[in-house]
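Residue numbers (the numbering used here): 63 to 246.
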């Protein structure tokens with residue numbers, strides 16, 4: 063709908079140490095991350111190319127016309143992700159009720175909670191669950207800030223896979239996803 067400018071998108075996606083996988087790497091051990099907050103893969107994250115590809119498909123723009131900055135810091139927690147997304151609104155976007163747009167778009171989505179405007183989603187509210195909690199802030203008429211909380215090991219991985227499998231096999235998409243089983 064051309065509501066945002068695709069040349070200046072910034073995503074700051076803070077994740078627990080499990081966000082980088084479960085490999086035997088000294089920098090990923092929890093004790094190395096306790097009382098520490100560090101940037102991870104600043105020079106090029108493995109998901110950067112696929113995000114650019116998706117933005118190009120959505121926007122119809124290519125290459126330099128898509129300005130995307132992605133910073134995925136690690137925070138000292140086992141699991142969870144809090145993504146803060148900064149976008150500039152176009153003139154059309156400034157005239158649109160973005161909160162209502164999100165609420166209407168996700169109204170039928172069982173695992174997406176669009177919170178009231180200016181809410182503060184927390185990772186602990188989605189721990190072990192297949193939910194996204196989304197909050198919107200509009201600090202000025204031309205800027206939109208979207209904050210998303212999720213459990214990176216459930217909604218960001220296994221839960222999403224189960225949800226998609228359920229849809230593929232014609233099952234209720236929430237089948238097997240209503241109980242919490244945590245490890246770690």
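Just so you know, even glycine gets a beta-carbon here, dropped at the ideal spot from N, CA and C.
Taking a C-beta distance under 8 Å as the contact criterion, residue 151 and residue 198 do not qualify as a contact pair. The alpha-carbon separation between residue 159 and residue 94 amounts to approximately 44 Å.
The Cβ atoms of residue 175 and residue 191 lie no closer than 8 Å to each other. A residue is called buried when at least 16 other Cβ atoms come within 10 angstroms of its Cβ; residue 195 meets this threshold and is buried. The Cβ atoms of residue 69 and residue 133 lie no closer than 8 Å to each other.
When the Cα atoms are used, residue 138 and residue 221 turn out to be separated by approximately 23 Å. Contact check for residue 142 against residue 202 fails: the beta carbons are separated by 8 Å or more.
Residue 149 sits close to residue 66, with the two beta carbons spaced by under 8 Å. No Cβ-Cβ contact shorter than 8 Å links residue 211 with residue 178. Burial of residue 225 is indicated by the presence of at least 16 other C-beta atoms within 10 angstroms of its C-beta. The secondary-structure analysis by DSSP pairs residue 211 across a beta bridge with 144 and 195. Within the DSSP secondary-structure output, residue 131 pairs in a beta bridge with 72. The C-alpha of residue 238 is placed about 32 Å away from the C-alpha of residue 111.
Here the C-alpha atom of residue 180 lies approximately 10 Å from the C-alpha atom of residue 209.
In this structure residue 135 does not touch residue 162 by the C-beta definition: roughly 32 Å separates them, more than the 8 Å allowed.
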